[in-house]
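Engineer: I have a structure I would like to understand better, so I am pasting it below and will then ask my questions one at a time.
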Amino acid sequence: MKKHTIMILAILVASISCKKNEAQPSKTYPKGPTAKKIPETLSIHNDDRIDNYFWMRLSDKQKNAETPDDQTQDVLDYLNAENDYLKETTSHTEGLQKSLYEEMIGRIKKDDQSVPVTENGYSYYSRFEKGADYRLYCRKKTGTDKEEIMLNGPELAKGYAYYGFSGRSVSPNNKLLAYGIDTVSRRRYTIYFKDLTTGELLKDKLENTTGGATWANDNKTVFYTTKDPQTLRSNKIWRHVLGSDQSEDVLVFEEKDDTFSTGIYKSKSKQYLFIWSSQTLSTEMQFLNANTPNKSFKVIQPREENLEYDVEHFGNEFYIKTNLNAKNFKIVKAPISKTTKDNWTDVIPHSEDTFINGFDVFKDFLVISERNNGLLKIKIRKWSGQPYDLPFNDPTYSAYTTSNLDFDTATLRYYYTSLTTPGSTFEFDMNTKEQVLLKQNEVLDANFKPGNYTSKRLFATAKDGTKVPISLVYNINTTLDGNNPLLLYSYGSYGSSSDASFNSSRLSLLDRGFIYAIAHIRGGQEMGRDWYEDGKLLNKINTFSDFIDCGEYLIKEGYTNSDHLYAYGGSAGGLLMGAILNMQPELWNGVIAAVPFVDVVSTMLDETIPLTTFEFDEWGNPKNKAYYDYMKSYSPYDNVEAKDYPNILVTTGYWDSQVQYWEPAKWTAKLRELKTDDNLLIMDCNMETGHGGASGRFERYKRTALTYAFMLDLENIKE
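According to full-length UniProt numbering, the sequence shown is numbered sequentially starting from 1.
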């Protein structure tokens, strides 16, 4: 961090309470871009919706054309006009954005290295060199100090606006590396093969894949997954023999049900290959001995509606996590010769109050990752003996097992972090219960100490009486007087839990008097499977009302007020942002919607759009009128109306494959057309990236700096 920034932070923290109480001067913003309107009537169930901005949708063919047609040019002109408006209205914060950016990257160790992971006689790790945006992927043979650079990220990424790596895997004989590259940010990878003994690339090249190659044990056969070129659904598994052309590859499995996607992985024991097919509520898996890649896969348990399962191998049995008669999941086992569900016997039975996330199999131990009362637990069980939990002391935190590739060991590796504790990797001896801290992410800030921040776990009461957890953190020097700026975050979909974790960038808010809070709302899975079920399909509005109830609770408890309350969410969390803006716009001073899924009805009606078909179990299929009516009642784009909205920042990427750019673009245009306030509405469309933003290590922090400057400016905090 710059020295002058360090010096002013102490002054800022001491004076923040008086700054935030000052009357904020009213701001006048120039008029934003006006998008042309071409009414498109969308009809179903005897209901007409008029979409004036339907024209903004472009096909991949239009986007990739060397010469844009008239429609493409109109879209580009509009997106560029929004980007110009963003620059115009935020130009006075450019200095602040630069300071924030330098502050954030200044806390990051520039020559950092990952914790090495040992597998098959080699120690694998990645590292950054100072000033580099991309990693070096390296290894050392066990017992030596000689480094092999398998992939030189900085060299490979030269000349590319976006360069994404995926699916690095080494052959069983340690001689060949397979890896995926995406240079567009559409998550369509080309797989390359490198001879690690000579450093030369093989002629083999596999296009339109998910990025990963799974090796058979013969060192020459790999299995990989390709995508539907239009919907980007992962739908085909192929067998490739090195030295052959992709056109010669054998189709091993095609997932023809367009509500399912598919993929392949190898067991920890290295003895079996598993093909999975899954949708939100159903799974089917197939297995094959990795020593016989040319034989046929066998189904473990045929797919059934509402039956989910995951498989690992141990000895003569498969160990399976399943929801069979177990809404919070359980662990069962079955003989490899008799794998169907009528042969499953309980290993870890179902619990009404404990949700099983997953498990790790070792020669002498079974390690279960579970969740109880909203908190993550790691339970260790000897195959013969009583189980015990790893102890964690923070009121709210995140902990999970990681990189446990060695089967015959008593050492468990796990990762721990909290709102006040930087990410930490531990090794734990499951026999002696002794542990060693291998690495804690460094925070290069002389003022940072975990003890300078207070973390809490609170519970808001939802309108239906449900207790909703909130994780919260703030600087101990912040005076809580009800006028504090507070950023409330959540996601709330797909059963994805928003666990508390450390983020060094967040210090730039906390040290300026902000409170940061996470609302663990329904739609996630923090409180068990029912928590998810109560926030999806025809219960989806619970997700939005929970978030609003958390905001109101934080105001009631004196942490903030509506003049200083901000909300942030991305992707499906961006849907959350759009919904709360329509439902209760007066509660927020500012809302940040990142890559927001806001045109719910139109997207879910269009099965050519990526992700649509296998998300019917999450949102519902609007071809069914009951789901259509319910979805339409909350879809942010369909519910924009003439009323006052708070200040809004929208972010998106032109190449986004998860939430197409036109959703946030149309939403922004409609908001600007109808809103009756003079508050700021800006959209940042990165023309070179997709859903995950920039690929470089530091470039992504520029958008974080923009987001923070947006809120700090509204708080009249200038530096």
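Beta carbons are placed, not taken as given, at the ideal position from N, Cα and C, and that holds for glycine.
Could you pull the DSSP bridge partners for G263 from this structure?
Structural biologist: DSSP lists W276 as partners of G263.
Engineer: What does the Cβ neighbour count give for Y388, buried or exposed, with the cut at 16 atoms within 10 Å?
Structural biologist: exposed
Engineer: Let me know the beta strand (DSSP E) ranges lying completely inside the segment 642-685, each 3 residues or longer, listed in chain order.
Structural biologist: 647-653
Engineer: In angstroms with no decimal places, state the Cα-to-Cα distance between P68 and S59.
Structural biologist: If you take the alpha carbons of P68 and S59, they lie about 12 angstroms apart.
Engineer: Assign K2 to one of three DSSP states: helix, strand, or coil.
Structural biologist: Note that K2 scores 33 on pLDDT, short of 50, meaning its location in the model is unreliable; the coordinates nonetheless yield the value given after this. When DSSP states are grouped into helix, strand and coil, K2 belongs to the coil group.
Engineer: What span of residues does the alpha helix (DSSP H) with D84 cover, start to end?
Structural biologist: D70 to T90
Engineer: Could you tell me how far apart the beta carbons of V347 and Y319 are, in whole angstroms, since I believe they sit closer than 8 angstroms?
Structural biologist: 7 angstroms
Engineer: Along the chain, where does the alpha helix (DSSP H) containing K110 start, and where does it finish?
Structural biologist: Run containing K110: none; DSSP gives neither H nor E here.
Engineer: For my contact list, residue 723 and Y637 are in at a C-beta cut-off of 8 angstroms; report their separation, rounded to the angstrom.
Structural biologist: Residue coverage of the chain in this structure runs from 1 to 719, which leaves residue 723 outside it and unanswerable.
Engineer: I need the boundaries of the alpha helix (DSSP H) containing I541, first residue and last residue.
Structural biologist: I541 to K556
Engineer: Could you tell me whether the Cβ atoms of R697 and I181 are closer together than 9 angstroms?
Structural biologist: Taking 9 angstroms as the Cβ cut-off, R697 and I181 do not qualify as a contacting pair.
Engineer: Check the DSSP bridge columns for H313 and list the partner residues they point to.
Structural biologist: F318
Engineer: For the structure I just gave you, are there three or more beta carbon pairs, one from the segment 500-514 and one from the segment 472-480, closer than 8 angstroms?
Structural biologist: The answer is yes - the segment 472-480 touches the segment 500-514, with three or more Cβ pairs under 8 angstroms.
Engineer: Give the range of the beta strand (DSSP E) segment to which A35 is assigned.
Structural biologist: Run containing A35: none; DSSP gives neither H nor E here.
Engineer: So what does G180 bridge to, in DSSP terms?
Structural biologist: S166 and I191
Engineer: Relative to the C-alpha of residue 764, which residue among T409, T417, Y627 and L681 is closest?
Structural biologist: Outside the modelled stretch of the chain, which goes from 1 to 719, sits residue 764, for which no answer is possible.
Engineer: Can you give me the Cβ contacts of S508 inside the same chain, cut-off strictly under 7 angstroms, excluding the 5 residues immediately before and after it?
Structural biologist: L100, E103, M104 and Y708
Engineer: Here's the rule: buried if 16 or more other CB atoms are within 10 angstroms of the residue's CB, otherwise exposed. What is M285?
Structural biologist: buried
Engineer: Taking the alpha-carbon positions, what's the N21 to D644 distance?
Structural biologist: Low local confidence applies: a pLDDT of 39 at N21 is under 50, so the model's placement there is unreliable, and no value is given.
Engineer: Considering only residues of the segment 209-233, which uninterrupted beta strand (DSSP E) runs meet the minimum length of 3 residues and lie entirely inside it, listed in chain order?
Structural biologist: Fully enclosed beta strand (DSSP E) runs of 3 or longer: 221-227.
Engineer: For L403, I'd like the list of residues in its chain whose CB is within less than 8 angstroms of its CB, leaving aside the five on either flank, ordered along the chain.
Structural biologist: The residue you asked about is not Leu; residue 403 is Ser in the sequence shown. Setting aside the 5 residues that flank it on each side, S403 is surrounded in the same chain by V115, V117 and R413, each with a C-beta closer than 8 angstroms to its C-beta; the list follows chain order.
Engineer: Just how far apart, CA to CA, sit Y134 and T41?
Structural biologist: 47 angstroms
Engineer: Take every Cβ of the segment 579-588, pair it with every Cβ of the segment 539-551, and state whether three or more of those distances are shorter than 8 angstroms.
Structural biologist: yes
Engineer: Using a Cβ-Cβ cutoff of less than 6 angstroms, which residues in the same chain neighbour V600 once the five nearest sequence positions on both sides are dropped?
Structural biologist: M631 and S635
Engineer: Hey, out of R127, A161 and V595, whose CA is closest to L151's CA?
Structural biologist: R127
Engineer: Where does N21 sit, in a helix, a strand or coil, going by DSSP?
Structural biologist: Note that N21 has pLDDT 39, beneath the 50 cutoff, so the model's placement of it is unreliable and the number below is only indicative. N21: helix per DSSP, three-state reduction.
Engineer: Between the C-alpha atoms of A161 and W619, what's the straight-line distance to the nearest angstrom?
Structural biologist: 34 angstroms
Engineer: Please state whether DSSP places P485 in a helix, a strand or coil.
Structural biologist: coil
Engineer: Pull up the CB-CB distance for G492 and I521, whole angstroms please, since I reckon it's below 8 angstroms.
Structural biologist: 4 angstroms
Engineer: Helix, strand or coil for L9, going by three-state DSSP, please let me know.
Structural biologist: Caution applies to L9, whose pLDDT of 33 falls short of 50 and renders its modelled position unreliable; the value that the coordinates give is listed next. Correct three-state label for L9: helix.
Engineer: Can you give me the C-alpha to C-alpha distance between V241 and D249, rounded to a whole angstrom?
Structural biologist: V241 and D249 have their alpha carbons spaced roughly 7 angstroms apart.
Engineer: In whole angstroms, give me the CA-to-CA distance for D87 and Q97.
Structural biologist: Sequence check: residue 87 is Lys here, not Asp. Each residue's alpha carbon lies about 12 angstroms from the other.
Engineer: What are the partner residues of S418, as DSSP defines its beta bridges?
Structural biologist: Y397
Engineer: Would you kindly report the start and end of the unbroken beta strand (DSSP E) that includes Y474?
Structural biologist: Annotation: the continuous beta strand (DSSP E) that includes Y474 extends over K467 to N475.
Engineer: How many Å lie between E557 and T454 at the Cα?
Structural biologist: A straight line joining the alpha-carbon of E557 with that of T454 spans about 16 angstroms.
Engineer: Buried or exposed, going by whether 16 or more other CB atoms sit within 10 Å of the CB of Q386?
Structural biologist: exposed
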